[in-house]
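Everything below concerns the one structure shown next.
In UniProt numbering, the protein residues as written are 1 to 722.
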């Protein structure tokens with residue numbers, strides 16, 4: 001529906017349709033000035049179009065969302081791309097609600113942007129649902145992390161404040177003498193109920209109500225709240241609050257706490273004055289019910305006061321559902337803690353009869369055996385008998401020894417008898433004959449057994465088939481030996497490569513010196529000849545002499561370029577902190593562009609830790625090429641940067657003659673030039689060197705250009721590594 005509306009508004013604004021939409025619709029000029037809002041916006045904000053058009057609409061955006069909202073909108077205006085964002089709008093009643101905003105650019109047949117059309121959809125319910133799910137998930141984790149009921153209750157109230165309430169208290173139903181929550185039927189009160197006075201508890205024929213946990217958004221008020229509860233304990237006959245919720249097992253919701261309710265629950269005039277001063281705004285009381293039994297009740301309160309830290313929120317049925325869910329989880333956690341303690345007590349009482357079972361459970365129970373105090377085995381489980389293919393009668397006593405591999409028997413019995421003498425656990429590996437008549441490796445773990453009075457009762461053991469593990473260990477040993485051998489080979493290969501690199505560097509320097517020396521001699525000789533024969537040289541001869549020296553200088557540059565090209569990736573220089581803006585200024589000064597030539601470095605250039613020389617070579621080549629190959633003395637070069645996730649993307653853009661698409665790959669090939677070297681001095685190495693440096697750093701370089709439209713070289717460079 002939103003896409004259809006967008007298309008219609010883009011082609012021919014249909015504002016009657018927009019006004020009928022249940023979502024907010026708006027349009028804006030290309031510069032971002034909003035010129036139209038539909039009726040839904042006017043009804044929601046309570047403001048006119050004049051009050052919110054252009055950029056004045058931001059006044060209804062939540063202050064916490066405003067900066068990002070404006071940034072996203074400005075980015076969309078700059079790029080011309082659609083955008084989507086979430087933010088809160090202030091409703092006419094002053095409350096903020098979450099909206100999902102979308103902005104769509106509308107273009108004409110020529111592809112030109114003509115206007116923006118946007119929508120805003122109310123997603124408050126979705127946001128509340130997500131927040132509720134996160135809160136309850138966190139609550140479940142917190143509640144499951146303890147089996148102490150007091151700790152659980154403390155966590156509940158501190159989870160509730162301030163997410164759900166400004167003030168949260170838990171009152172639990174305790175059985176006399178137990179000191180912990182005791183589940184009771186939903187109807188618990190009778191004629192014999194009475195107040196307990198100073199203890200702040202309410203007694204009944206079944207038990208008492210005790211406040212065990214309280215939290216307040218202002219921690220300084222917690223002690224005061226405890227004292228207030230002791231002074232004015234719950235009235236068991238009250239028709240409101242905790243007593244009523246405990247009686248009925250039903251929640252109470254007070255969206256607005258009116259003064260009449262305070263009058264109804266107040267014990268006396270002083271009590272009324274105190275609770276009026278608290279500033280009750282809204283309240284909920286929900287039962288803690290687990291397995292059909294009421295354990296207590298949780299009270300959630302929102303307040304408003306001069307301090308300004310309270311929320312003053314109004315609870316609704318959604319809040320009540322959240323509170324009931326939290327209470328249910330808390331009740332289950334408390335009841336689980338109670339059941340756990342009861343289970344622990346029961347286990348302690350049954351420990352003597354379960355000792356044998358518990359000892360066996362501590363072992364890795366696959367093949368099981370039991371021995372007496374004399375070391376003779378008295379029992380094998382069915383898994384053992386199935387494994388060896390024998391009967392219990394054949395294995396008991398020392399019968400099992402016949403299945404142990406002869407090479408392992410002495411070591412096996414030695415370990416077994418030594419452990420018996422000192423009555424300590426043991427572990428041993430040996431081969432046991434399988435029913436297939438093949439031996440398989442066994443891990444045998446034994447532990448001594450003791451009677452409740454401490455007397456030694458023998459051993460219990462468990463065995464696991466570890467044949468596959470042993471085979472894997474053998475294979476791993478073989479592989480480790482192979483890896484060790486390969487590592488040695490690799491180390492030798494690396495050493496050889498390093499030696500070859502050193503020899504190559506030395507060779508490069510020698511070649512450079514041996515080749516450059518004759519070239520310099522040729523250049524000097526031509527200069528001397530020209531000076532000595534100055535009066536006898538023709539203009540053509542002088543031209544040829546200049547060409548000769550030009551070829552010599554080109555050869556020197558070519559040799560140096562080849563050496564630099566060969567060093568890339570082999571020779572590493574130390575990284576240092578580089579201010580790219582300063583680096584570019586130094587490069588521009590060293591290149592000395594023509595007087596009327598302009599080079600602009602856009603702001604925002606990064607400061608990064610990298611190899612300065614390599615980055616300098618890349619920029620110097622790209623900028624130098626742009627100057628050298630420009631067809632006008634008043635040319636312009638623009639250098640910019642775009643920050644990506646792990647990289648910076650730099651761009652060097654000129655307004656020169658451009659490069660035809662069919663040559664975009666050729667320019668990066670070594671020794672390739674597009675212009676005769678006699679017209680523009682070039683070795684044909686520069687761009688190939690740039691490409692090799694960039695790719696060695698893990699980046700990429702690309703060319704965007706058309707004939708007569710200038711050229712843009714883009715390359716990526718890694719950010720500083722921490």
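By construction, the Cβ of each residue, glycine as well, lies at the ideal position given by its N, Cα and C atoms.
Helix, strand or coil for residue i per DSSP?
i           : result
residue 252 : strand
residue 163 : coil
residue 597 : coil
residue 629 : coil
residue 723 : With the chain running from 1 to 722 in the structure shown, residue 723 is simply not present.
residue 201 : Reliability fails at residue 201, whose pLDDT of 41 lies under 50, so the model's placement of it is uncertain and the value that follows must be treated cautiously. Residue 201 falls in the coil class under three-state DSSP.
residue 784 : Any answer about residue 784 is impossible in this case: the structure gives the chain only from 1 up to 722.
residue 96  : strand
residue 800 : Past the boundaries of the shown model lies residue 800; the chain is included only from 1 to 722, so the question cannot be answered.
residue 26  : strand
residue 541 : helix
residue 447 : strand
residue 191 : Per-residue confidence for residue 191 stands at a pLDDT of 32, beneath the threshold of 50, marking its modelled position as unreliable; the derived number appears in the next sentence. Correct three-state label for residue 191: coil.
residue 610 : strand
residue 369 : strand
residue 16  : helix
residue 149 : helix
By alpha-carbon positions, which one of the options ends up nearest to residue i?
i           : options               : result
residue 441 : 127, 455 and 468      : 468
residue 163 : 278, 96 and 326       : 326
residue 225 : 167, 249 and 266      : 167
residue 298 : 427, 283 and 23       : 283
residue 613 : 599, 588 and 576      : 576
residue 89  : 389, 126, 127 and 44  : 44
residue 633 : 481, 656 and 643      : 656
residue 85  : 68, 250, 611 and 586  : 68
residue 125 : 118, 447 and 133      : 133
residue 705 : 372, 605, 626 and 173 : 626
residue 261 : 275, 324 and 270      : 275
residue 602 : 596, 608, 615 and 584 : 584
residue 624 : 685, 330 and 343      : 685
residue 300 : 543, 437 and 170      : 170
residue 667 : 711, 646, 640 and 635 : 711
residue 457 : 496, 471, 271 and 373 : 373
residue 330 : 477, 136, 494 and 237 : 136
residue 127 : 384, 99 and 51        : 99
Considering residue i, what are the terminal residues of the alpha helix (DSSP H) in which it resides?
i           : result
residue 587 : 580-591
residue 73  : 63-79
residue 45  : 39-45
residue 30  : From DSSP, residue 30 is part of no alpha helix (DSSP H); its letter is neither H nor E.
residue 272 : 269-278
residue 406 : 406-422
residue 134 : 124-144
residue 260 : 259-265
residue 392 : 392-395
residue 49  : 49-52
Which residues bound the beta strand (DSSP E) around residue i?
i           : result
residue 693 : First-last for residue 693: 686-696, but that is the alpha helix (DSSP H), not the beta strand (DSSP E).
residue 466 : Counting along the chain, residue 466 falls outside any beta strand (DSSP E), and DSSP gives it neither H nor E.
residue 299 : 293-303
residue 727 : Residue 727 is absent from the structure shown; the chain starts at 1 and stops at 722.
residue 384 : That residue, residue 384, is in no beta strand (DSSP E); its alpha helix (DSSP H) goes 382-388.
residue 654 : 647-654
residue 605 : Careful: residue 605 lies outside any beta strand (DSSP E) and carries neither H nor E.
- Message: Assess contact between the region 151-158 and the region 57-68, defined as three or more Cβ pairs (one per stretch) separated by less than 8 Å. Is contact present?
- Response: no
- Okay, do the region 604-624 and the region 576-588 touch, 3+ Cβ pairs below 8 Å being the bar? yes
- Query: Below 8 Å, can you find three or more Cβ-Cβ pairs linking the region 107-124 to the region 134-145?
  - Reply: They do not touch, by the three-pair rule.
- Query: Can we say the region 392-405 touches the region 417-426, given the rule of at least three CB pairs closer than 8 Å?
  - Reply: no
- Given 8 Å, three or more beta-carbon pairs between the region 315-324 and the region 240-255: yes
- Query: Quick check: the region 71-87 against the region 24-32, are there 3 or more CB pairs under 8 Å?
  - Reply: yes
- Three or more C-beta pairs below 8 Å linking the region 590-606 and the region 691-700: Flag = no, the region 590-606 and the region 691-700 do not touch.
- Item | Any 3 or more C-beta pairs closer than 8 Å across the region 708-720 and the region 642-655 | yes
- Message: Does the region 455-463 come into contact with the region 485-496, if we say contact requires no fewer than three beta-carbon pairs (one atom in each stretch) closer than 8 Å?
- Response: They do not touch, by the three-pair rule.
- Runs of alpha helix (DSSP H) lying entirely within the region 315-352, each at least 4 residues, in chain order: Whole alpha helix (DSSP H) segments, 4+ residues: 317-349.
- Query: Just checking, does the region 448-457 make contact with the region 427-434 on the three C-beta pairs under 8 Å criterion?
  - Reply: no
- Task: Would you check if there are 3 or more beta carbon pairs closer than 8 Å linking the region 322-340 to the region 286-303?
- Result: Result yes; three or more Cβ-Cβ pairs closer than 8 Å.
- With contact counted as at least three CB pairs below 8 Å, one residue from each stretch, are the region 89-103 and the region 116-124 in contact? yes
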